[in-house]
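The block underneath contains the structure these notes are about, expressed in structure tokens.
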Amino acid sequence: MTLPNHRMIRYGGDYNPDQWPEETWPRDLETLKRAGINTVTLGVFSWSKLQPAPDRYDFEWLDRLFDLVSDAGMQIYLATPTASPPAWLCRMYEDILPVDERGHRLHYGSRRHYCPNSPNYRRHAVDIATRLAERYGRHPALALWHVDNEYACHISACYCERCAQAFRRWLQAKYQTIDHLNDAWTTSFWSQRYRDWEEIEPPRLTPAYHNPSQALDWRRFMSDSFLECYLEQKRVINELSPGKPVTTNFMAWFSGLDYHRWAPHLDVASWDSYPGTGADAAEVAARHDLIRGLKGGRQPYLLMEQTPSQVNWMAYNAPQRPGEMRLRSLQAVAHGADAICFFQLRQSRGGAEKFHGAVLTASGSDRTRVYREVAQLGRELQRLQSIAGSEYRAQAAVLFSWPVWWAVEQEPRINQSLSYIDEVMRYYRALWRRGLEIDIVAPDADLASYRVVVAPLLRITTPDLRRRLEAYVRGGGLLVLTFHSGLTDDVDRLHMDGFPGLLQDLCGIEVEEFDVLRPGSTRSVSVVEPRGDFSGTYAVELWCDVVHLRGARALAVYTEDYYAGMPAVTEHEVGSGRVIYVGTALPASAVEALLGWAASHQGVSRVLEVPEGVEVVRRWMTGKPRPEAAQPKDEPVTFVLNHNPHPVSIRLPSRWHEVLTGQDLSGEVTLPGFGVWVLQHR
Ligand code: GAL
């Protein structure tokens, strides 16, 4: 879906001028506009200003701001301020404040201090959202609703009595009878059997491990509780503000919420990106691909926040180096972002984030490197306007699941050093380095369009998932599965037929047991059937599945320990496709070699040959609804991003038009350090 009022690249950010004298506003807006800023996000955290007392509302300052912004020819993302309930509200209803797992109630005085199941919080949150929607819902300058802010950030669970009651209701709806719950949670173990729903508690502090099925359901329940808060606001906004899109800003790899369950309820996905100077480009790319993948992978999303220079919450808050912010912004556009927004447009004078970077300094100055870079990017985004709404098309998918993340990393763990995100990145990075365009999608996504699908640590499997993976492979797909797959069902019980559970036939193997390696400890594997550059011997870490072949062939075998000679990597042909099972943690070079072979076997080649650290990604103009213009040819715009601080030389085999400079490029050309080209075929 392309948002009708979003057929442009938006450039903006959080603007909280409620902390400044009103005389500064027109000048701020004029300075921001000169930098190309066309959208401002208002009202995030403004609750105590909008509603200074229970029965007093003050919207006049916001009215004036709406007028000023629209007179300046800019548009507004309007936030509901519900991420920070005012002190008077928390004092009126103690149950608004969240309780930790030890039973301690937290205090107000920072932000995000609310229990998602507090009826008093919810009623007041919906009330302020309703009043904002009544007042501004049809305002022509309003482009989008930004509900709350980073749901579940700082505190992603509340353990109060109301949450306990809501948890019981949620469980009742899920399991219907207490016997079903007892069965699903295996409560006969450790004498945990429940007679009555009332006996069930949140996983509060206990002497030993929580019941893992209970803990998993609790994460799901908490994610749903915050989702309910969002949906309650969205319902009134939809009613009072017809046609205006609604979103909330996410945080990519954030374990507090299952964003896949939220995604259908967002008109457009959006997120906040804070990589820090010198961050690994593949890590950042993966986060973009995860967020775009929430809506299936093709349609654009919004970069709702990033810093124009530095943050204030890292151990060392170095500013981004000259050119880095531009590079990161264009990387976001390349991956499908149709909005580049900052936190924040003007630096605060006081408060916890006064040392956080901003487009304008606290004094409102534009005589800074940061402002000049923001203004340069503003001019460049103007040149990219026509790509708004265009599509991303990935050849590869990496499957990602929040419940798998929770299950892999909740206590007790099989291997303390095993990190789900690290394993996802082990495979994502290899695909990225081979120049593939990648979607990170939920296991239940439609896989038909992908040439290669990788599902690292697919611990939770269901019969339906198994069926769909098989259909994908039979249809000619290449599926890569790894160790720690198929171990459990969706409430974290073991499958009754050994490992990798429901995936055994598909993989053509049986895993008898697994060895677990401590950090620094390795075993060696030797490739017995090379696949492309995947050959020779490799030192593996973390985990070694002890594998028996049941129809698959061994590509690599262990050469040490009691499982020497047994398969470590296998391949199984199924229908017109194949499944590669990697029973251990291969080093990056081996994963890259194996996936490089997989990609070329599946007919995927690099768009351009580029040096190390250079990323090439495309956005396709077809799929872009443009009733007002003739449908453009199905041609991509190709972004070439040099993540190295030093220049690189690239050979362009044909003649290209570079959109940002208007120059034609061909042959051997130098791309500066942190430089970007946006290329179209001549
Ligand atoms: C985000 C948050 C903003 C601001 C920013 C600082 O997580 O949404 O309000 O705190 O971080 O980097």
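In our numbering, the protein residues as written are 127 to 808. C-beta atoms are modelled at their ideal positions from N, C-alpha and C, and glycine is treated no differently.
1. Examine the ligand GAL and report whether any of its heavy atoms sits within less than 6 Å of the Cβ of glutamate 276.
2. At the level of alpha carbons, what is the spacing between leucine 805 and histidine 769?
3. Report yes or no: do the segment 143-159 and the segment 291-304 share at least 3 C-beta pairs separated by less than 8 Å?
4. Taking leucine 331 as the reference, which of Tyr285, Trp271, Leu270 has the closest Cα?
5. Is the closest heavy atom of the ligand GAL to the C-beta of aspartate 398 under 6 Å?
6. DSSP three-state label for methionine 127, please.
7. Can you tell me whether DSSP reads isoleucine 304 as helix, strand or coil?
8. DSSP beta-bridge partners for cysteine 670?
9. Take the Cβ of glutamate 506 as the centre, count every other Cβ of all protein chains shown within 10 Å, and call the residue buried at 16 or more, exposed below.
10. Give me the Cβ distance between isoleucine 202 and leucine 168, rounded to the nearest whole Å; I'm assuming they're in contact under 8 Å.
11. Leaving out five residues on either side along the sequence, give the residues of the same chain with a beta carbon under 6 Å from the beta carbon of glutamine 728.
12. Suppose only complete runs of 4+ residues qualify. What are the alpha helix (DSSP H) ranges in the segment 266-319, listed by chain order?
13. Who does serine 652 pair with in a DSSP beta bridge?
14. Taking only three categories from DSSP, how would you classify isoleucine 776?
15. So the candidates are Leu307, Cys279, Ala405; which of them puts its Cα closest to the Cα of phenylalanine 380?
16. Count the other CB atoms within 10 Å of the CB of glycine 369; is the residue buried (16 or more) or exposed (fewer)?
17. Can you find a C-beta in chain C that's less than 7 Å from the C-beta of tryptophan 151?
18. State yes or no: is the C-beta of leucine 428 within less than 7 Å of the C-beta of serine 396?
19. Span of the beta strand (DSSP E) holding arginine 745?
20. Do you know whose CA, among Val524, His336, Ser172, Met551, lies nearest arginine 539's CA?
21. Considering only residues of the same chain and omitting the five flanking positions on each side of serine 172, which have a CB-CB separation below 6 Å?
22. At a cut of 8 Å, does the segment 430-442 reach the segment 393-409 through at least three beta carbon pairs?
23. Just to confirm before moving on: does the CB-CB distance between methionine 692 and valine 672 stay below 7 Å?
24. To which residues of the same chain is alanine 716 closer than 7 Å at the C-beta, ignoring the five residues directly before and after it?
25. In three-state terms, what does DSSP make of asparagine 243?
26. Which residue marks the beginning of the beta strand (DSSP E) containing lysine 694, and which one marks its end?
27. Please give the ranges of any beta strand (DSSP E) in the segment 401-469, keeping only runs that are unbroken, at least 3 residues long and fully inside the region.
28. For glycine 788, name the three-state secondary structure that DSSP assigns.
29. Give me the Cα-Cα distance between glutamate 754 and leucine 510, rounded to the nearest whole angstrom.
With the structure as the only source:
1. yes
2. 17 Å
3. no
4. Measuring from the Cα of leucine 331, the nearest candidate turns out to be Tyr285.
5. yes
6. With a pLDDT of 45 at methionine 127, under the threshold of 50, the modelled position of that residue is not reliable, and no figure is offered here.
7. helix
8. Asp641, Thr710
9. buried
10. 6 Å
11. Arg577, Val578, Leu604
12. 287-301, 304-310
13. DSSP output for serine 652 lists Thr663, Val683 as bridge partner(s).
14. Of the three classes helix, strand and coil, the one that applies to isoleucine 776 here is strand, per DSSP.
15. Looking from the CA of phenylalanine 380, the closest CA among Leu307, Cys279, Ala405 belongs to Cys279.
16. exposed
17. Note that chain C does not occur in the displayed structure, where there is just one protein chain.
18. Cβ atoms of leucine 428 and serine 396: closer than 7 Å.
19. 740-746
20. His336
21. Asp144, Pro207
22. yes
23. yes
24. Phe660, Tyr664
25. coil
26. Checking the displayed sequence, the identity of residue 694 turns out to be alanine instead of lysine. It spans 693-700 - the beta strand (DSSP E) in which alanine 694 sits, taken as one unbroken run.
27. 427-431, 463-468
28. Three-state DSSP puts glycine 788 in coil, outside helix and strand.
29. For glutamate 754, the predicted structure reports a pLDDT of 49, less than 50, and the residue's modelled location is therefore unreliable. A value from the coordinates is still provided. Spanning the two alpha carbons is a distance of roughly 18 Å.
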